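Please read the structure below before turning to the comments.
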Amino acid sequence: MADITRDVLIVGAGAAGTTAANELRKAGLSVVVLEARDRVGGRLWTDVIDGAMLEIGGQWVSPDQDALIETIDELGLETFSRYREGDSVYVGPDGTLHRFTGEMFPVSAETEKVIAEITERLDAMVAEIDPDRPYAHPKAAEWDSITWDAWLRQQTDDDEAVRNLAFATGSAMLTKPTHAFSLLQSLLMAASAGSYSHLVDADFILDKRVVGGLQQVPLLLAERLGDDVLLNQPVRTLEWDDPSTGSGAGVTATTDSLTVRARYAILAHAPVLYDRISFVPSLPRRQHQMHQHLSMGFVIKVHAVYDRPFWREQGLSGTAFSPYELSHEAYDNTNHGDERGTLVGFVSDQNADDVFELSAEERKERILESLSHYYGPEAKNPVVYYESDWGTEEWTRGAYAASFDMGGLHRYGKDLRTPVGPIHFACSDLAGAGYQHVDGAIRMGRLAAAQILEADRGDDTAADDAPELVVAEV
Numbered sequence: 002m003a004d005i006t007r008d009v010l011i012v013g014a015g016a017a018g019t020t021a022a023n024e025l026r027k028a029g030l031s032v033v034v035l036e037a038r039d040r041v042g043g044r045l046w047t048d049v050i051d052g053a054m055l056e057i058g059g060q061w062v063s064p065d066q067d068a069l070i071e072t073i074d075e076l077g078l079e080t081f082s083r084y085r086e087g088d089s090v091y092v093g094p095d096g097t098l099h100r101f102t103g104e105m106f107p108v109s110a111e112t113e114k115v116i117a118e119i120t121e122r123l124d125a126m127v128a129e130i131d132p133d134r135p136y137a138h139p140k141a142a143e144w145d146s147i148t149w150d151a152w153l154r155q156q157t158d159d160d161e162a163v164r165n166l167a168f169a170t171g172s173a174m175l176t177k178p179t180h181a182f183s184l185l186q187s188l189l190m191a192a193s194a195g196s197y198s199h200l201v202d203a204d205f206i207l208d209k210r211v212v213g214g215l216q217q218v219p220l221l222l223a224e225r226l227g228d229d230v231l232l233n234q235p236v237r238t239l240e241w242d243d244p245s246t247g248s249g250a251g252v253t254a255t256t257d258s259l260t261v262r263a264r265y266a267i268l269a270h271a272p273v274l275y276d277r278i279s280f281v282p283s284l285p286r287r288q289h290q291m292h293q294h295l296s297m298g299f300v301i302k303v304h305a306v307y308d309r310p311f312w313r314e315q316g317l318s319g320t321a322f323s324p325y326e327l328s329h330e331a332y333d334n335t336n337h338g339d340e341r342g343t344l345v346g347f348v349s350d351q352n353a354d355d356v357f358e359l360s361a362e363e364r365k366e367r368i369l370e371s372l373s374h375y376y377g378p379e380a381k382n383p384v385v386y387y388e389s390d391w392g393t394e395e396w397t398r399g400a401y402a403a404s405f406d407m408g409g410l411h412r413y414g415k416d417l418r419t420p421v422g423p424i425h426f427a428c429s430d431l432a433g434a435g436y437q438h439v440d441g442a443i444r445m446g447r448l449a450a451a452q453i454l455e456a457d458r459g460d461d462t463a464a465d466d467a468p469e470l471v472v473a474e475v
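The opening residue of the sequence shown carries number 2 in my numbering; numbering runs sequentially from there.
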């Protein structure tokens with residue numbers, strides 16, 4: 002078994018891990034990145050399926066995502082705007098298709114008024130939330146004790162208004178049923194984007210894409226690390242020294258073929274995978290409890306490629322919404338410079354569970370039927386069809402990211418990023434700003450690197466006979 006020694010071990014070669022590794026290398030520390038998969042990128046993955054380039058994982062860049070935009074610019078990547086010329090479409094509770102422009106769905110005047118009033122109320126609440134410290138709000142316990150659905154239904158008995166308000170953070174973002182997470186978790190999701198209004202504005206939250214795919218961000222960052230990125234290396238055991246014992250601090254990781262010794266470690270992967278590693282000694286009780294209250298959502302990202310973007314001929318932008326449809330939202334996802342047209346649709350939470358009870362052919366038929374309700378019968382006949390099913394990915398187990406169950410956020414949120422001895426944590430699931438997005442992953446990668454550099458300065462100034470690790474907490 003090969004033996005490697007570095008200053009810092011990073012587990013996970015996604016955007017967070019490769020960002021942290023580069024930050025540490027710039028500061029003069031040696032690193033190694035161990036990735037369980039056979040590729041770099043984590044939940045970013047661009048692949049060619051039946052001749053079509055598809056972004057199987059994350060793909061969009063919004064104007065508030067400063068960390069991601071800085072990284073894209075620094076790497077020399079180009080972006081292009083999502084196609085949005087023409088009308089959007091909305092399918093109402095009676096199945097009727099409505100064309101519209103602007104942000105507000107074409108609902109009745111009464112329902113529109115209710116949506117606007119509650120949105121204003123939510124924006125005011127979100128403005129009080131610090132996305133890095135949602136648990137610190139005076140009403141955190143109260144807001145974490147009521148479900149998102151129940152709170153909305155306390156505000157109004159207009160079911161269409163509730164459904165349209167609910168799915169922005171439910172089906173569309175947290176990808177869990179709205180009765181399964183709290184009002185506080187929903188407010189955090191909105192605060193991470195700046196406001197609730199931002200989340201319901203598709204032109205804001207889904208603004209641009211990267212030419213050639215967003216996976217290029219971690220791929221180019223990994224290129225800079227060269228041979229210090231090792232694939233197919235799932236960490237089986239992580240031994241660590243608790244600095245409180247006075248024995249110093251450090252980690253020893255073992256994979257099936259490697260032993261890595263380092264002074265620090267960063268776990269740069271989804272928290273639902275922490276239990277895939279055997280920690281010696283065990284993590285503290287607090288972490289054990291916290292990790293049991295985090296779970297992934299589930300969404301199927303559906304890619305349908307056509308010989309041309311036929312919906313544009315109808316004066317449609319490709320943007321479509323309906324809380325009553327199997328595919329609750331869909332967009333023009335045509336690649337830059339591609340003559341073909343691509344639609345991307347999403348099937349989320351309970352609907353996603355249900356369609357996986359069907360055969361692959363029946364599932365495809367049901368999903369394309371739903372898309373045809375937005376775009377017409379031509380949507381039923383793509384030349385390429387593919388479903389991104391992250392729930393079957395061994396090293397992801399859901400999408401888009403992990404969130405707390407009821408009551409978990411105010412109870413455990415302050416411990417999400419707190420280092421355990423020499424072990425630090427970084428991924429989009431732990432972010433405040435940019436939560437669940439690549440922007441958040443980059444922010445967390447930078448933060449973990451900064452924590453280690455601060456701790457390392459503490460080591461350098463400590464007496465030789467008292468090498469106590471100074472841990473920076475968030």
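A virtual CB, placed ideally from N, CA and C, is assigned to each residue, including glycine. Note that the coordinates shown come from a computational prediction; the quantities given were computed from them, not determined experimentally.
{"query": "Can you check DSSP and say which residues form a bridge with ILE368?", "result": "Beta-bridge pairing links ILE368 to no other residue."}
{"query": "Using only the alpha-carbon positions, how far apart do GLY161 and SER109 sit?", "result": "It should be noted that the sequence gives Glu, not Gly, for residue 161. Cα to Cα, GLU161 sits roughly 10 Å from SER109."}
{"query": "Which same chain residues end up closer than 7 Å to TYR401 when comparing Cβ atoms and leaving out the 5 residues on each side of it in sequence?", "result": "THR176, GLY298, VAL300, GLN437"}
{"query": "Measuring alpha carbon to alpha carbon, tell me which of ALA434, ALA432, ALA3, LEU25 ends up nearest ARG225.", "result": "LEU25"}
{"query": "Reducing DSSP to helix, strand and coil, say where TYR136 ends up.", "result": "helix"}
{"query": "Any idea what DSSP makes of GLY52, helix, strand or coil?", "result": "coil"}
{"query": "What residues match up with ILE424 in a beta bridge as DSSP calls it?", "result": "ALA266, VAL421"}
{"query": "List the residues that DSSP assigns as beta-bridge partners of TYR387.", "result": "HIS304"}
{"query": "One question on the structure: do GLY342 and PHE322 come within less than 8 Å of each other, judged by their Cβ atoms?", "result": "no"}
{"query": "As a quick exercise: from ALA427, ASP95, THR253, PRO107, pick the residue whose alpha carbon is nearest that of VAL273.", "result": "ALA427"}
{"query": "Can you tell me which of THR19, ALA21, PHE205, GLY59 puts its alpha carbon nearest to the alpha carbon of GLU104?", "result": "PHE205"}
{"query": "Roughly how many whole angstroms lie between the Cα atoms of HIS304 and GLY251?", "result": "45 Å"}
{"query": "Alpha carbon to alpha carbon, how far is ASN336 from MET54? Give it in angstroms, no decimals.", "result": "8 Å"}
{"query": "Drop a sphere of 10 angstroms on the beta-carbon of MET126, count the other beta-carbons inside from all chains shown, and report buried for 16 or more, exposed for fewer.", "result": "buried"}
{"query": "What residue range is occupied by the uninterrupted beta strand (DSSP E) comprising VAL345?", "result": "342-349"}
{"query": "Please name the residue, chosen from ARG85, VAL439, VAL236, that lies closest to GLN216 on a Cα-to-Cα basis.", "result": "VAL439"}
{"query": "Taking just the CA atoms, how far does VAL236 sit from ASP276?", "result": "11 Å"}
{"query": "Looking only at its chain, what residues have a beta carbon closer than 6 Å to the beta carbon of TYR332, apart from the 5 residues adjacent to it on each side?", "result": "GLY319, THR320, VAL345"}
{"query": "Expressed to the nearest angstrom, what Euclidean distance is found between the alpha-carbon atoms of LEU166 and LEU189?", "result": "15 Å"}
{"query": "Would you call the region 357-371 and the region 380-389 touching, i.e. three or more CB-CB distances under 8 Å?", "result": "yes"}
{"query": "What's the call for PHE81, buried or exposed, on a 16-neighbour Cβ count within 10 Å?", "result": "exposed"}
{"query": "Between GLY408 and GLN156, what straight-line distance do the alpha-carbon atoms span, to the nearest angstrom?", "result": "21 Å"}
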